[in-house]
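Take 5 as the starting number for the sequence shown in our numbering and just add one per residue. Report on the following structure.
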Amino acid sequence: MPEIVAEVIRNERVESRHRGYIAVATTNGSLLASLGEVQFRTYIRSAAKPFQIMPLLTSGAVEHFQFTDKELAVIMASHNSESFHLETVKSILKKIGLTVEHLKCGSHLPLHKPTAKELLIQKERLTALHNNCSGKHSGMLALAVYKKWPLATYLNPEHPVQVEIKETISGFSGVPTDEIHVGVDGCSAPVFFLPVKNMAMMYAELSERNTEPGERVFNLMSANPEMIAGSDRFDTDLMQALAGRAVSKVGAEGVRCLGIRGSAPIGIAIKIDDGSGRASAAVMLEVLAQLDLISEAELDKLSKYRKPVFKNHAGIETGFINVNFKLYFW
């Protein structure tokens, strides 16, 4: 059974517990610290996006279409669908000669609540553009357009775009391609079933200064954090607080990964066993604190994520999340 990593406290009593797996690894896969069985496999979900862009970055398409850094950043995003996100995705589609109708990610309300509320008030039609993965899909289509590959089947695991992405995932994770099970993500794109330890290694590799395209991805994310998530989102706020030292990417079902530069590149991967994401930011901050990789001043900037507070519908504070674990250091 996985270890308890966080508790939900209501009126001074434990109401719920979240269990999870945590791996802290170097680029060669050596564990620095861990909690639970780090060979546990799960889908990496949207934490794969910084790697899914890499075939595009190395193809020549970026120069051909003259993509900006912000356009490249939104391709790696689980964005809020704020206006600047939507305009950036539209710009990508215009440059590659396609429209929102080519996106096969489906639609959902914006993750940013004020934006979602305004959309409902204005009775604006939801489209695939509002999907938090629309940037990723635009990037996949950009590669297909540049390579003159079929567009209609770009999400098929056997499509050349997806084959190149899977090879990239294999290269960074160290897991052979024939050992990577492929599922279907929430946006209908292929998603990869990997050990938590190997996810951590991927993000350590991403933080290595001397590798391409990892260094380029790291620099794009850390320099454009608002494009990766958006307002009131942990990934954006953490990257801003750490000012270029780290990249952070959430995945669905309680996955969160982080790469951080210091004396050596380090990768951290978290999987909350019950699939809830509500504790993962607090858990990640506690991991950084136990590793002495974040200062008190930086933690202060992120205080709302360190001990998230719950309020009821009347606005009364009813409880909070309390992290409750100690890493095992190897």
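Think of the CB as a built atom: it goes at the ideal place given N, C-alpha and C, for glycine as much as any other residue.
{"Item": "For Asn1, the three-state DSSP class (helix, strand or coil)", "Value": "It is not possible to answer for residue 1, since the shown part of the chain is limited to 5 through 334."}
{"Item": "Helix, strand or coil at Lys98 [DSSP, three-state]", "Value": "helix"}
{"Item": "Paired residues, beta bridge with Ile8 - DSSP", "Value": "Arg23"}
{"Item": "Beta-carbon proximity list for Lys315, same chain, < 7 Å, skipping 5 on both sides", "Value": "Glu321, Thr322"}
{"Item": "Stretch-stretch touch, CB-based, cutoff 8 Å, three pairs: the region 189-198 with the region 168-175", "Value": "yes"}
{"Item": "Simplified DSSP state of Gly248, which is helix, strand or coil", "Value": "coil"}
{"Item": "C-alpha gap between Leu39 and Gly24, whole angstroms", "Value": "8 Å"}
{"Item": "Test item: CB-CB of Asn84 and Cys109 under 8 Å", "Value": "no"}
{"Item": "Proximity to Phe55 [Cα-Cα], best of Glu7, Met144, Ser307, Leu303", "Value": "Met144"}
{"Item": "As assigned by DSSP and simplified to three states, the class of Ala37", "Value": "strand"}
{"Item": "Cβ shell of Gly178 (< 7 Å), same chain only, five flanking positions each side left out", "Value": "Gly33, Asn202, Met205"}
{"Item": "Proximity below 8 Å, CB of Glu11 to CB of Val18", "Value": "yes"}
{"Item": "Strand pairing of Pro199, partner residues [DSSP]", "Value": "Arg45"}
{"Item": "Start-end ranges of the alpha helix (DSSP H) lying completely within the region 64-90, minimum 4 residues", "Value": "65-69, 73-79"}
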